[in-house]
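Chains as they are written, first to last, in our numbering: chain A, 4 to 218; chain B, 4 to 218.
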């Protein structure tokens with residue numbers, strides 16, 4: 004966003020003389036109040052200036068934060084989620100690690116035969132078991148996975164901000180995006196329709212900055 | 004950012020009738036062109052409308068992208084970097100993994116006795132060696148690390164956008180922030196003063212959205 008020289012001059016004057024009325028500003032800039040009105044409207048609108056009734060204009064230190072905030076808050080999980088990788092709980096830890104490398108992901112989601120979420124296992128979990136001297140060719144993933152309901156999930160209509168907050172608060176590598184379904188025995192189950200990791204947030208950050216090349 | 008009812012009306016009219024001149028807009032809104040000028044200036048400024056000379060106003064689909072972009076581009080690496088974890092290259096893989104867990108990081112940077120960067124080793128590297136049946140109590144980190152000059156680095160004055168781009172392009176977990184120093188034998192070396200990972204970018208994204216709680 005490029006400000007005009009006159010708008011820059013107004014900001015400079017407000018910084019020096021605040022609070023300052025539109026009459027004073029107009030006289031210093033050397034134009035009429037009416038001529039100044041569009042500039043003041045713009046600067047107030049984008050949050051650079053704050054207009055205080057019966058006091059005058061005040062300079063606001065963080066311009067455009069409000070707009071950035073509004074823009075970011077509108078982004079939803081389904082705009083940024085990617086495809087999850089699945090594994091069954093009776094697969095050996097070794098085979099699961101191979102799958103992790105082949106799919107180039109950091110987390111596998113463990114599902115039952117009806118594709119319902121029952122667990123999650125991360126690179127960190129795998130490293131812990133692999134360094135411990137356990138025979139990873141015999142131990143199944145079900146033994147080391149984090150099991151439901153101890154898995155933080157999000158819905159596709161949640162905001163990207165909410166999922167980023169959960170990722171940071173719970174120190175999670177990858178959050179499953181789920182929807183509720185009824186299973187055959189009428190128990191409520193979760194079906195995984197996507198995942199969001201710090202990689203998705205980083206990619207979103209790049210899109211926000213408008214550099215979409217090579218991503 | 005809250006638009007006024009009249010500004011909302013103008014946007015609606017432009018969407019329906021574009022391209023539309025300010026005369027036509029003024030007559031439809033029922034005010035003079037002069038009265039409409041501040042609103043049109045604001046809407047053009049924030050990028051909701053585009054003013055085409057001799058054609059009229061056009062609706063732009065992605066308002067405020069320009070402002071978001073400008074704001075983000077000003078953030079530097081030194082604003083978001085965090086403390087790196089170091090290891091010497093003769094430390095065993097086992098001890099290095101222990102250090103990784105104790106420091107709760109995803110990457111260790113390998114330094115020589117003068118603290119110059121010579122390599123990096125990630126959770127992925129450790130997992131690969133640990134699953135392979137190698138005796139991780141005997142193999143030193145120096146054997147499995149990625150060695151200089153094959154390490155992507157950034158400087159503290161680079162923009163956060165540049166580092167995010169490198170993280171995505173090179174699929175890196177954690178980028179070392181370095182400064183050039185002269186070593187005792189006058190060879191140019193790199194000293195690590197910080198690191199940036201997807202965690203830092205996710206934290207930055209949260210700050211941009213103004214939700215600073217619990218981070």
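For each residue, glycine too, the CB sits at the ideal point set by N, CA and C.
query                                                                                                                                            : result
Cβ neighbour criterion (16 or more within 10 Å) applied to residue 222 of chain B                                                                : Because chain B here runs from 4 to 218, residue 222 of chain B falls outside it and cannot be looked at.
8 Å Cβ cutoff, residue 221 of chain A in contact with chain B                                                                                    : Absent from the structure is residue 221 of chain A, since the part of chain A shown begins at 4 and ends at 218.
Residue-chain proximity (residue 112 of chain A, chain B), Cβ-Cβ < 8 Å                                                                           : no
Contained beta strand (DSSP E) runs [length at least 3] in the region 78-128 of chain B, N- to C-terminal order                                  : 110-114, 120-125
Whether residue 126 of chain A touches residue 145 of chain A by CB criterion (8 Å)                                                              : no
Host beta strand (DSSP E) of residue 52 of chain A (start-end)                                                                                   : 52-55
Supposed close pair residue 209 of chain A, residue 164 of chain B - CB separation, criterion 8 Å                                                : 7 Å
Enclosing alpha helix (DSSP H) for residue 141 of chain B [first to last residue]                                                                : It is not in any alpha helix (DSSP H) - residue 141 of chain B carries neither H nor E in the DSSP assignment.
Sub-8 Å separation of residue 78 of chain B and residue 212 of chain B beta-carbons                                                              : no
Distance CB(residue 177 of chain B)-CB(residue 190 of chain B) smaller than 8 Å                                                                  : no
Within 8 Å, strictly: CB atoms of residue 88 of chain A and residue 112 of chain A                                                               : yes
CB of residue 8 of chain B within 8 Å of CB of residue 60 of chain B, strictly                                                                   : no
For residue 2 of chain B, the three-state DSSP class (helix, strand or coil)                                                                     : For residue 2 of chain B there is no data in the structure shown, the boundaries of chain B being 4 and 218.
Rounded distance between the beta-carbons of residue 29 of chain B and residue 35 of chain B, thought under 8 Å                                  : 6 Å
Inter-residue Cα distance where the pair is residue 172 of chain A and residue 200 of chain B                                                    : 16 Å
Proximal residues to residue 16 of chain A (C-beta, below 8 Å), its chain only, five neighbours per side dropped                                 : 23, 28, 31, 32
For residue 149 of chain A, the three-state DSSP class (helix, strand or coil)                                                                   : strand
Buried versus exposed call for residue 206 of chain B [16 or more other C-beta atoms within 10 Å across all chains shown]                        : buried
Residue environment, residue 101 of chain B, which counts as buried when at least 16 other CB atoms sit within 10 Å                              : exposed
Contacts around residue 90 of chain A, its chain only, beta-carbon distance under 7 Å, and the 5 residues preceding and following it disregarded : 99, 102, 111, 113, 144
First and last residue of the uninterrupted beta strand (DSSP E) at residue 194 of chain B                                                       : 191-200
Sequence-distant residues of the same chain with beta carbon closer than 8 Å to residue 181 of chain A, five excluded per side                   : 120, 156, 157, 158, 193, 194, 195, 196
Rounded C-alpha distance that separates residue 46 of chain A from residue 167 of chain A                                                        : 31 Å
4-residue-minimum alpha helix (DSSP H) runs that sit fully inside the region 151-181 of chain A, ordered along the chain                         : 163-172
Exposure of residue 128 of chain B, with buried meaning 16 or more beta-carbon neighbours within 10 Å                                            : buried
Interface residues of chain A facing residue 201 of chain B [CB-CB closer than 9 Å]                                                              : 200, 201, 202, 204, 205
Euclidean distance between Cα positions of residue 19 of chain B and residue 154 of chain B                                                      : 54 Å
8 Å contact criterion, which residue 147 of chain B and residue 134 of chain A should meet: CB distance rounded                                  : Going by Cβ atoms, the distance from residue 147 of chain B to residue 134 of chain A rounds to 13 Å, so no, they are not a contact pair.
Contact set between residue 44 of chain A and chain B, taken where Cβ atoms lie within less than 9 Å                                             : 41, 42, 44, 45
CB of residue 42 of chain A within 8 Å of CB of residue 10 of chain A, strictly                                                                  : yes
Local Cβ density within 10 Å of residue 123 of chain B, reported as buried at 16 or more and exposed below that                                  : buried
Simplified DSSP state of residue 184 of chain A, which is helix, strand or coil                                                                  : strand
Test item: CB-CB of residue 142 of chain A and residue 184 of chain A under 8 Å                                                                  : no
Residue-chain proximity (residue 129 of chain B, chain A), Cβ-Cβ < 8 Å                                                                           : yes
Rounded straight-line distance, which links the Cα of residue 39 of chain A to that of residue 175 of chain B                                    : 51 Å
Which residues DSSP lists as bridging residue 61 of chain A, in chain order                                                                      : A/53
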